[in-house]
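Report on the following structure.
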Amino acid sequence: MEAREGGQLVLRNASMADGGEYTCRDATTGQILQRVHLKLGYPPDKPVIRCRSVSYAAINCTWHLERDPRLDTHFVSTYSCSITNIQLFSTDPYMLNVTAVNPLGTATSLSFIFLDQIIKPEPPEDVNISPIIKERKKLLLTWKPPSSWLLPEYFPLKYSVRYSADGHNSSRQMIRTTEETSFTLTGIRPGVIYRVQVAAKDALDNGKYSDWSLPASGMAWAPEGGI
Numbered sequence: 002m003e004a005r006e007g008g009q010l011v012l013r014n015a016s017m018a019d020g021g022e023y024t025c026r027d028a029t030t031g032q033i034l035q036r037v038h039l040k041l042g043y044p045p046d047k048p049v050i051r052c053r054s055v056s057y058a059a060i061n062c063t064w065h066l067e068r069d070p071r072l073d074t075h076f077v078s079t080y081s082c083s084i085t086n087i088q089l090f091s092t093d094p095y096m097l098n099v100t101a102v103n104p105l106g107t108a109t110s111l112s113f114i115f116l117d118q119i120i121k122p123e124p125p126e127d128v129n130i131s132p133i134i135k136e137r138k139k140l141l142l143t144w145k146p147p148s149s150w151l152l153p154e155y156f157p158l159k160y161s162v163r164y165s166a167d168g169h170n171s172s173r174q175m176i177r178t179t180e181e182t183s184f185t186l187t188g189i190r191p192g193v194i195y196r197v198q199v200a201a202k203d204a205l206d207n208g209k210y211s212d213w214s215l216p217a218s219g220m221a222w223a224p225e226g227g228i
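If you read the sequence shown in the working numbering, its first letter stands for residue 2, the second for the next number, and so on.
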């Protein structure tokens, strides 16, 4: 820190600890002549961009800085957080340019987005498991496509089912490449509670599987008075 004539104060190699309020006082009276608040920070790093799509209707993107620049920073982008003018079946990527701007500089990230690579449905809904009358080793599993998945009749989903018996940590998993939203579990042990979850994926195998649905549980049919 160096004080110079003319009311100048020079900070060399300033660190974050040097931030705060600085005052200039009259040497005789101690009266405050000037007050300056010094706010230190960093130029922005390149924004980190993440994009996802839960259907073919829109792409939703977010971006952030991994390091806090400690200064007011705003972003300029070619799209808002949502891209809705989707061109179905196009092989061309969407280009998203995001620039972070603050008083110390700018930094830009460029992302090329392929919809078929980032598509990830939300989990199936209303998963239900129920006994089948007079079938002691079968359970009927039903579900609905996620409500956010638009036009399932044109963009069918395939489903993965996993289930486990109560008291067992291991689970079995089956891949269903079908548009059906029901499945019959066979080989069920009578008197045992089973827990089932379902995940969905684009039937053309684009993108990723959804997260697992909320679990449903049930027990196979048993005649009255015994298993």
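Glycine included, every Cβ here is placed at the ideal spot set by N, Cα and C.
In this structure, the CA atom of residue 148 is about 10 Å from the CA atom of residue 127. For secondary structure counted as the beta strand (DSSP E) over 3 or more consecutive residues, the stretch 84–118 holds these complete runs in sequence order: 95–103 and 106–114. In the structure shown, residue 19 falls within a helical segment according to DSSP collapsed to helix, strand and coil. A distance of 8 Å or more separates the beta carbons of residue 132 and residue 113. Look at residue 129 here: in three-state DSSP terms it is strand. The alpha carbon of residue 87 has as its nearest neighbour, out of 197, 19 and 59, the alpha carbon of 59. Just measuring C-alpha positions, the residue of 213, 45, 49 and 188 sitting nearest residue 146 is 213. Going by beta carbons, residue 70 and residue 48 fall outside the 8 Å limit. It is roughly 17 Å from the alpha-carbon of residue 191 to the alpha-carbon of residue 217. Rounded to the nearest angstrom, the Cβ distance from residue 184 to residue 142 is 5 Å, consistent with a contact under 8 Å. The Cβ-Cβ distance between residue 200 and residue 161 falls below 8 Å. Residue 52 counts as buried, since at least 16 other C-beta atoms from the protein chains shown sit within 10 angstroms of its C-beta.
Judged by DSSP in its simplified three-state form, residue 71 adopts coil rather than helix or strand. No Cβ-Cβ contact shorter than 8 Å links residue 196 with residue 155.
Under the 10 Å beta carbon count, residue 116 is surrounded by 16 or more other beta carbons and is classified as buried.
For residue 184, the beta-bridge partners assigned by DSSP are 142.
For the options 194, 140 and 206, the alpha carbon positioned closest to that of residue 158 is the one of 206. DSSP, reduced to helix, strand and coil, places residue 61 within a strand of the structure shown. Annotation for residue 219: the continuous beta strand (DSSP E) segment containing it runs 217–220. In this structure, the alpha-carbon of residue 35 lies about 11 Å from that of residue 9. Straight-line spacing of the CA atoms in residue 193 and residue 79 works out to 56 Å. Closest option to residue 203, judged by alpha-carbon separation, among 215, 153 and 28: 153.
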